[in-house]
Amino acid sequence: MKNRITRNWGLKIVSFLFAAMLWIIVTNINDPVTPWPVSDVPVRLRNTELITGRGQVYEVLEDTDVIDSVTIYAPRSVIDSLSESNVVAVADIKDLTSLDTVPIKLSTSKYNDKVENIKGSIDSVKLNIEDKQTRSFPIRAKVTGEVGEGYLLGDVSTEQNLIRISGPESVVSRIVKAQAEVTVSGFTGLISTDADIRLYDEKDVEIRSASLEKSITKVRVNVDILERKTVPITYQVNGVPAEGYRLTGENTSTRSSVEIAGKSRIIKNINAIEIPEGVIDVTGAREDVTVLVDLKEHLPDGTIIAEEDFMGKINVTVSVGQEANRIFTIPTGNIRIAGIPAAFEAEITDPEDTCTITLIGLPAELEGINVNTLEVTVDVAASLEEQGIEGADSGYYRIPVSVSLPEGSAVTWEDTEVQVHITEAE
706 MKNRITRNWG
716 LKIVSFLFAA
726 MLWIIVTNIN
736 DPVTPWPVSD
746 VPVRLRNTEL
756 ITGRGQVYEV
766 LEDTDVIDSV
776 TIYAPRSVID
786 SLSESNVVAV
796 ADIKDLTSLD
806 TVPIKLSTSK
816 YNDKVENIKG
826 SIDSVKLNIE
836 DKQTRSFPIR
846 AKVTGEVGEG
856 YLLGDVSTEQ
866 NLIRISGPES
876 VVSRIVKAQA
886 EVTVSGFTGL
896 ISTDADIRLY
906 DEKDVEIRSA
916 SLEKSITKVR
926 VNVDILERKT
936 VPITYQVNGV
946 PAEGYRLTGE
956 NTSTRSSVEI
966 AGKSRIIKNI
976 NAIEIPEGVI
986 DVTGAREDVT
996 VLVDLKEHLP
1006 DGTIIAEEDF
1016 MGKINVTVSV
1026 GQEANRIFTI
1036 PTGNIRIAGI
1046 PAAFEAEITD
1056 PEDTCTITLI
1066 GLPAELEGIN
1076 VNTLEVTVDV
1086 AASLEEQGIE
1096 GADSGYYRIP
1106 VSVSLPEGSA
1116 VTWEDTEVQV
1126 HITEAE
């Protein structure tokens, strides 16, 4: 029996090897090992708090947190049971090297023990590790485009004025401004919109980095679009010049109108820019008075000056001239007697022949008066009433003379009286 077992060892070994090889061949024919390529496999970073916990931040370089190509070698039956989501790539910060790289470990979430091999196009994640920096920046609103014709860009504001940025010191230190951009092309009314906040360096190049953390990413921007309107400038002159002087009426201003802008509901009710009383005062003046007026101080609420090159200041000059006297001699017979009481007659007895009238005014006004067209009157009834005399009796009365001057004339006359003799009519 023993001889049977130990007999022909060489033949038995060859038979065993042949059987094993035949089994492998059959197995490979029925379920061969097959390569399976998977693209764009994300790498999960573990234990990143080992970096962030010491006040540092990291940035993945060269997109090494995504493996372009992973090839899995496994039997066909295993491959057929896997999906791309079963491919797992992990880089543990505990394995961080002195070169700031982290080895990538590849596996599958199922049948991993049946996978013969996994190879990736890269084998490590490259990191840039820096100290963390946090800074705050004011948010600026930038407007692009042109508003509609007849309109003007008004106030531009943001509902939040600060943004806090955290990230690698080398990136954060380059930031010089945070800006939200809004286009106004063609708009004629209020714009209120949420705009992305973009970061820029000193050369006005936008800074984009996935490693930056923003306290906010958008901000509400409000833009007022104002309607334009050209209106006249009006003003009032206050005060009285010195004795012997008066206003000539020949006032001048460096501007007679101005273009303003405001919301349509406001601007439609504005017809002039009025400089109020007290701004231009000629009290005691003996020469022309020039006043510098800042129109911005007198604009209606909700309006602004719409002229880019006009600062809003104008000079208003009020002309003041010295008075002169002109003496006219009028025959007493040319003086009309009015208001003669009924049943009475009246005549001027003093002066007998001529009456001297002194007119007071500016030389130019006096020169324009023609003595032959002057109408001089004495009103008996009005004078008696003013003196408190009721009824009329024969006698002599002193009656003031009045002169009819052209409409709108500023000329006056010195008080002059004539003696009127009233008698009963025969």
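For the sequence shown, the residue numbers in this note's numbering are 706 to 1131. Ideal placement from N, C-alpha and C gives every residue a C-beta, glycine not left out.
What is the rounded straight-line gap between the Cα of residue i and the Cα of residue j?
i	j	result
Ala990	Gly949	10 Å
Gly1044	Thr988	39 Å
Asn866	Pro843	5 Å
Ala1097	Thr1054	18 Å
Asn974	Ile965	12 Å
Arg951	Ile1065	11 Å
Pro737	Leu750	34 Å
Gly825	Thr813	13 Å
Ala977	Gly894	23 Å
Val963	Thr1037	56 Å
Thr1132	Ile1042	Residue numbering for the chain in the displayed model covers 706 to 1131; residue 1132 lies beyond these limits and cannot be assessed.
Gly1026	Val1125	37 Å
Asp805	Ile827	15 Å
Asn1039	Thr1082	9 Å
Ala796	Thr802	12 Å
Pro1005	Ile870	42 Å
Ser788	Asp899	41 Å
Val1076	Glu1028	19 Å
Ile1010	Lys1001	7 Å
Val792	Asn817	10 Å
Pro740	Val807	26 Å
Ile823	Glu911	41 Å
Val746	Lys819	20 Å
Leu1133	Ser897	The requested residue 1133 does not occur in the structure, where the chain is confined to residues 706 to 1131.
Gly1093	Ala1051	19 Å
What do you reckon, are the CB atoms on residue i and residue j nearer than 8 Å?
i	j	result
Ser1114	Glu1080	no
Glu921	Ile868	According to the sequence as given, residue 921 is Ile; it is not Glu. For Ile921 and Ile868, yes; Cβs fall inside 8 Å.
Ala1086	Pro1046	yes
Glu864	Arg913	no
Leu858	Glu764	no
Leu766	Ala794	no
Glu907	Gly872	no
Trp830	Val748	In the sequence under discussion, the amino acid at residue 830 is Val, which differs from the Trp named in the question. Yes.
Glu854	Ser890	no
Val936	Val887	no
Asp901	Ala885	yes
Ile756	Ile834	yes
Arg1103	Glu1122	yes
Glu1119	Thr1063	yes
His1003	Glu982	no
Asn752	Lys799	yes
Asp860	Gln761	no
Ser862	Asn927	yes
Asn943	Asp986	yes
Val1106	Ile1074	no
Tyr940	Val876	no
Quick one: is residue i buried, meaning 16 or more other Cβ sit within 10 Å of its Cβ, or exposed?
i	result
Asp770	buried
Glu1091	exposed
Glu754	exposed
Ile1127	buried
Ile1032	exposed
Glu1131	exposed
Pro1111	exposed
Met706	Low confidence applies to Met706: its pLDDT is 48, below 50, so where it sits in the model is not reliable enough to give any reading.
Gly967	buried
Arg1070	Before going further, note that residue 1070 is Glu rather than Arg in the sequence given. With 16 or more other Cβ atoms within 10 Å, it is buried.
Ala1048	exposed
Pro1068	exposed
Tyr856	buried
How is the beta strand (DSSP E) around residue i delimited, first residue to last?
i	result
Pro1036	1029-1036
Glu982	978-986
Arg925	923-943
Glu754	Element bounds for Glu754: not the beta strand (DSSP E) but the alpha helix (DSSP H), 754-757.
Phe1015	Run containing Phe1015: none; DSSP gives neither H nor E here.
Pro747	738-747
Ala796	792-797
Can you tell me where the alpha helix (DSSP H) holding residue i begins and where it ends?
i	result
Ala1087	1085-1091
Ala1069	1068-1072
Glu874	874-877
Arg647	In the structure as shown, the chain starts at 706 and stops at 1131, and residue 647 therefore has no counterpart that could be examined.
Ser969	969-972
Arg913	Looking at the DSSP string, Arg913 is not in any alpha helix (DSSP H), and its letter there is neither H nor E.
Arg781	781-784
Inset, instruction - Report yes or no: do the region 776-784 and the region 837-854 share at least 3 C-beta pairs separated by less than 8 Å? - result: no
Legend entry - Given 8 Å, three or more beta-carbon pairs between the region 967-983 and the region 932-946: yes
Inset, instruction - Check whether the region 990-1003 touches the region 1014-1025, counting contact only when three or more Cβ pairs, one atom from each stretch, lie closer than 8 Å. - result: yes
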